[in-house]
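Just so it is clear: in the sequence shown, position 43 is 104 by my numbering, and no numbers are missing.
For each residue, glycine too, the CB sits at the ideal point set by N, CA and C.
Input: a single structure, listed below in structure tokens.
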Amino acid sequence: MRTKKLIGIALVAALVGSMTAMSVNAGRMQLDGAEEYAGYTSNHTFGVVGSITGWADGNDIPMTDEDGDGVFEAVFKTTLTADQMVKDGDEIKDEIMFKVRADGKWDDSWGLYEDVEGGRTMNSQTNCIMSASVGETIVVKVTLDTNYNPETQELGDGRALPDDERYGLLWPVTFEKMVDVKAAVEAQLGDEAGSYYFFDNSQTKYNTVGAYWWDAADVTPGDWPGTEAVQIEGTDIWGMKVAFENDAAHIIFNNLVSDADYSTENPKAQTEDINVTVSENLGQVWTPDMSTE
């Protein structure tokens, strides 16, 4: 199981700057062959730059690839000011604009992935644009998928590329607005939020989430499979309020299908036993490791 502190969902704010809408098309068109491609992601850093950062050098929002799958991500939270918006002359538009670039420079950069006349090349891609408004608090996730395979000349989605783009940096950028989970938890649970354990159901997709727990004093919720958790509105996070008598305890999250109700059409599913240190783990989100059985 992977765990993460709920407090960690309070995401870093984007740096604020001031600049009108722009499109950056400088930089090279391709990598220098297979050798540079093979070591590219380990030799460079990636970041998000745009109207949200003032397009300024040194303000890029860092991207990371924590699980090593070749997909780099940045998640940022900001309450938008006029300086972070796209401008058309003196008019402030209801949009923000950004791209992804390497090493805080314009040598290599990526925007929207689209077909252009003469084939796709990295800097012919256009800026990413998202609808937003001044004063709106947004949480945005930006991804850069580097899973282009020069041997098969395919992107991760299987689209084939012509020979002359064999070592091009044709990596797609995607982005989405996300729910501010920490704010949603606090809004729904208030001062009691710190008394809950949380489960991330975004990958397991249980129809209903429940929990069974116990500690050395045999504190339990009753019979298996336990008690239904509370879903945090607008999210895939479910919370369970538990009052243990001992600091060392255990929780199993499950889909609340009992032995009596089990069938092939209604299967049982559960996490492994989660070892809990009560004084340290309250307020954490548990994310199942889906690579294990």
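- Boundaries of the beta strand (DSSP E) around Asn315: Ala309 to Asn315.
- Rounded to whole angstroms, Thr288 and Lys266 show a C-alpha spacing of 17 Å.
- Between Phe305 and Phe260, the gap from beta carbon to beta carbon reaches 7 Å or more.
- Sorting Asn188, Glu197 and Thr125 by C-alpha distance to the C-alpha of Thr139 places Glu197 at the top.
- Between the stretch 243-253 and the stretch 268-283, the count of C-beta pairs closer than 8 Å stays below three; the two stretches do not touch.
- Shown here, Asn104 sits in a helix according to DSSP, grouped into three states.
- Contact annotation, Thr332 with Pro349: C-beta distance approximately 6 Å; criterion of less than 8 Å satisfied.
- In the DSSP assignment, the residues bridged to Tyr273 are Ile313.
- Cβ-Cβ separation between Asn262 and Trp299: approximately 6 Å, consistent with a contact (criterion under 8 Å).
- Residue environment for Asn208: exposed (fewer than 16 other C-beta atoms within 10 angstroms of its C-beta).
- Nearest in C-alpha terms to Arg162, of all of Leu205, Gly283, Asp151 and Leu250, is Leu205.
- Within the model, the alpha-carbon separation for Asn104 versus Trp171 is close to 17 Å.
- Looking at Gly251, Asp149, Ile293 and Asp279, the one whose alpha-carbon comes closest to that of Val240 is Ile293.
- Taking the Cα positions, Phe236 is about 7 Å away from Val201.
- A distance of 7 Å or more separates the beta carbons of Lys166 and Asn188.
- Contact between Asp118 and Gly108 does not hold, since their C-beta atoms are separated by about 11 Å, which reaches or exceeds 8 Å.
- Around the beta carbon of Asp169, 16 or more other beta carbons lie within 10 angstroms, which makes this residue buried.
- Where Glu156 is concerned, the enclosing beta strand (DSSP E) starts and stops at Glu156 to Ala163.
- Measuring C-alpha to C-alpha distances from Ser194 to each of Trp232, Ala143 and Asp151 identifies Ala143 as the nearest.
- Residue burial is scored here from C-beta neighbours: Thr114 has at least 16 other C-beta atoms within 10 angstroms and is therefore classed as buried.
- With contacts defined by Cβ atoms closer than 7 Å, Gly255 and Gly344 form a contacting pair.
- Shown here, Gly251 sits in a helix according to DSSP, grouped into three states.
- With respect to the 7 Å criterion, Met146 and Ala135 are not classified as neighbours on the basis of their beta carbons.
- Ser340: member of the alpha helix (DSSP H) spanning Val339 to Asn342, first to last residue.
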